[in-house]
Amino acid sequence: MNSEGGKPGNVLTVNGNYTGNNGLMTFNATLGGDNSPTDKMNVKGDTQGNTRVRVDNIGGVGAQTVNGIELIEVGGNSAGNFALTTGTVEAGAYVYTLAKGKGNDEKNWYLTSKWDGVTPADTPDPINNPPVVDPEGPSVYRPEAGSYISNIAAANSLFSHRLHDRLGEPQYTDSLHSQGSASSMWMRHVGGHERFRTGDGQLNTQANRYVLQLGGDLAQWSSNAQDRWHLGVMAGYANQHSNTQSNRVGYKSDGRISGYSAGLYATWYQNDANKTGAYVDSWALYNWFDNSVSSDNRSADDYDSRGVTASVEGGYTFEAGTFSGSEGTLNTWYVQPQVQITWMGVKDSDHTRKDGTRIETEGDGNVQTRLGVKTYLNSHHQRDDGKQREFQPYIEANWINNSKVYAVKMNGQTVSRDGARNLGEVRTGVEAKVNNNLSLWGNVGVQLGDKGYSDTQGMLGVKYSW
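The sequence shown begins at 1 in full-length UniProt numbering and counts up by one.
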């Protein structure tokens, strides 16, 4: 069926009957809407037997179909079975399947980007009851869309953090260094699992991530013998692997991202002595990543992303009360409302896949706003007198808003992540000063959104001061 130069438009006419014997027939087509140019086969008589079909997309950008792109017209009894060798063929954001027509067209075979109610296998055999085009069915999107969205969202959020993520309860640091500034180094490890849906719920993505971040203070000082300022540097490594499954096609997609960050942080505490009052924290990071998207029996796509993320956070700590425990502990209860604004400016390089699909991700420039409250107990046991050992369990609740939705445009068709515009979060953890030099902290948290969005995370941090 291939015409010279790979252009669609050939017509193979069979004046009698056609019998398939598991042979292969190749069509050139410019995949788009119903009237897309394509090679065709016209059988005047009956069809029977099984035929494998391969479709080569010649410059098609993908589009929604209604009745589909007609490939095979049958004049007689249409008993033959035709099946795509890969189950589907893709163009832009859309997935096409081969299905029989409906009504007056029930004898003919069409490429359709509509959901026909049947999930094709990735390497199918011809079936006895072929799917039928549903002109009113929803469009079918490529699983790769979920992988691109997962990667761009991760690039902007992997190194995003809060003051207490980075330093535990930093008021501990200088408590025994009143004669001079304390030097310190800190490190934190993060593991997380995210679930979200895209494409009106037809694509389900799961992602696992790991983050290592470390840093230390460059300078500390006080402007009035009561407050405290910190200036420091930090760097990190992170990776994430995502998997996207479709409930409408028989293949899946994998996304991978790994990269680094480096930057500065600065923190001000109003009252260093009693741990109450206001604080302001800020940080800025330059981030760079390598990304890949791959799918079953299809070419992989490698690309990079770069950009700056930055944050300003503020809060105010109130002492809510003091009480003694039954085992000789002195407990001070604190309440700390917080607000944080994070700018996420990491952008993927716009590029074209090997299959001709133009990829443009969206969501860079997102402004994430967090409003929350943290409440914690600072506990000290009398047997730890003179040891400078303290223990601080806490719980916090947050509302998180994203100004933009992470999405991908594939040949101009946008597919977006669902349910993450507004999130609710709960975290709980422990911060502890083990001795004069060593502090440890850890927490677990969960974020929930609409349409099945969830994110679960655990973190462990350590800081050494001298």
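Heads up, the beta-carbon is just placed ideally off N, CA and C, and yes, glycines get one too.
Measure the alpha-carbon distance for residue i versus residue j and round it to whole angstroms.
i, j, result
"residue 467", "Trp221", "With the chain represented from 1 up to 466, any question about residue 467 goes unanswered, as that position is not in the structure."
"Asn50", "Gly23", "8 Å"
"Thr112", "Asp254", "25 Å"
"Asp174", "Asn437", "Per-residue confidence for Asp174 stands at a pLDDT of 45, beneath the threshold of 50, marking its modelled position as unreliable; the derived number appears in the next sentence. So the alpha carbons of these two residues sit roughly 10 Å apart."
"Ser178", "Trp288", "For Ser178, the predicted model reports a pLDDT of 48, less than 50, meaning its position is unreliable; a value from the coordinates is still stated below. Rounded to whole angstroms, Ser178 to Trp288 spans 40 Å at the Cα level."
"Ser403", "Asn422", "9 Å"
"Asp281", "Gly307", "21 Å"
"Val233", "Val211", "17 Å"
"Leu214", "Ala29", "53 Å"
"Met25", "Leu84", "10 Å"
"Ser324", "Glu144", "57 Å"
"Thr19", "Pro37", "26 Å"
"Gly372", "Asp302", "38 Å"
"Trp229", "Tyr265", "11 Å"
"Gly60", "Pro8", "11 Å"
"Glu390", "Glu431", "9 Å"
"Gly458", "Asp165", "11 Å"
"Met185", "Ile257", "27 Å"
"Ala219", "Gly263", "15 Å"
"Gln388", "Thr352", "59 Å"
"Lys40", "Lys252", "30 Å"
"Leu203", "Asp272", "50 Å"
Based on DSSP bridge pairs, tell me the residues matched to residue i.
i, result
"Tyr210", "Gly191 and Asn239"
"Gln392", "Glu431"
"Tyr159", "Looking at the sequence provided, one finds Phe at residue 159 rather than Tyr. Answer is none; Phe159 lacks a bridge partner."
"Ile257", "Gln240 and Asn291"
"Gln270", "Paired residues: none, contrary to the question."
"Ile341", "Val312 and Thr369"
"Thr317", "Gly277"
"Asp304", "Asp290"
"Ile400", "Arg370 and Leu423"
"Ser282", "Ala266 and Val312"
"Thr38", "Ala29"
"Asn331", "Phe323 and Ser379"
"Ser299", "Paired residues: none, contrary to the question."
"Leu218", "Answer by DSSP bridge pairing: none, since Leu218 is not bridged."
"Gly232", "Asp217 and Tyr265"
For residue i, which of the options has the nearest alpha-carbon?
i, options, result
"Leu448", "Asp418, Trp466 and Lys433", "Asp418"
"Pro135", "Asn435, Thr428 and Gly68", "Gly68"
"Gln368", "Ile341, Arg358, Thr352 and Leu377", "Ile341"
"Gly452", "Gly9, Asp200, Asp39 and Met41", "Asp200"
"Arg188", "Val446, Leu440, Trp466 and Ser454", "Leu440"
"Thr65", "Ala83, Val118, Ala320 and Val95", "Val95"
"Val426", "Gly101, Asp272, Asn443 and Lys107", "Asn443"
"Glu90", "Lys354, Tyr286 and Asn366", "Lys354"
"Leu163", "Gln413, Asn378, Asn401 and Ser311", "Ser311"
Residue i lies in the beta strand (DSSP E); which residues open and close that run?
i, result
"Phe353", "In the sequence as presented, Phe is not what sits at residue 353; that position holds Arg. No beta strand (DSSP E) holds Arg353; DSSP gives it neither H nor E."
"Trp109", "Trp109 to Thr112"
"Gly458", "Ser454 to Ser465"
"Ile72", "Ile69 to Val74"
"Tyr18", "Tyr18 to Ala29"
"Glu360", "Arg358 to Glu362"
"Asn443", "Leu438 to Leu448"
"Asp56", "Thr47 to Asn57"
"Asp418", "Gln413 to Asp418"
"Val11", "Val11 to Val14"
"Lys100", "Tyr94 to Lys100"
"Lys409", "Ala407 to Met410"
"Glu90", "Val89 to Ala91"
"Asn81", "Asn81 to Leu84"
Taking CB distances under 7 Å as the criterion, tell me whether residue i reaches chain D.
i, result
"Ser222", "Annotation note: the requested chain D is absent from the structure, which comprises a single protein chain."
Do three or more CB pairs link the region 272-284 to the region 244-254 at distances below 8 Å?
no
How about the region 341-357 and the region 141-158: do they share at least three Cβ pairs that are nearer than 8 Å?
yes
Segment contact, 8 Å Cβ cut-off, at least three pairs: the region 317-332 with the region 135-147:
no
Okay, do the region 321-330 and the region 293-308 touch, 3+ Cβ pairs below 8 Å being the bar?
no
Using 8 Å as the Cβ pair cut-off and three pairs as the minimum, do the region 357-364 and the region 394-411 touch?
yes
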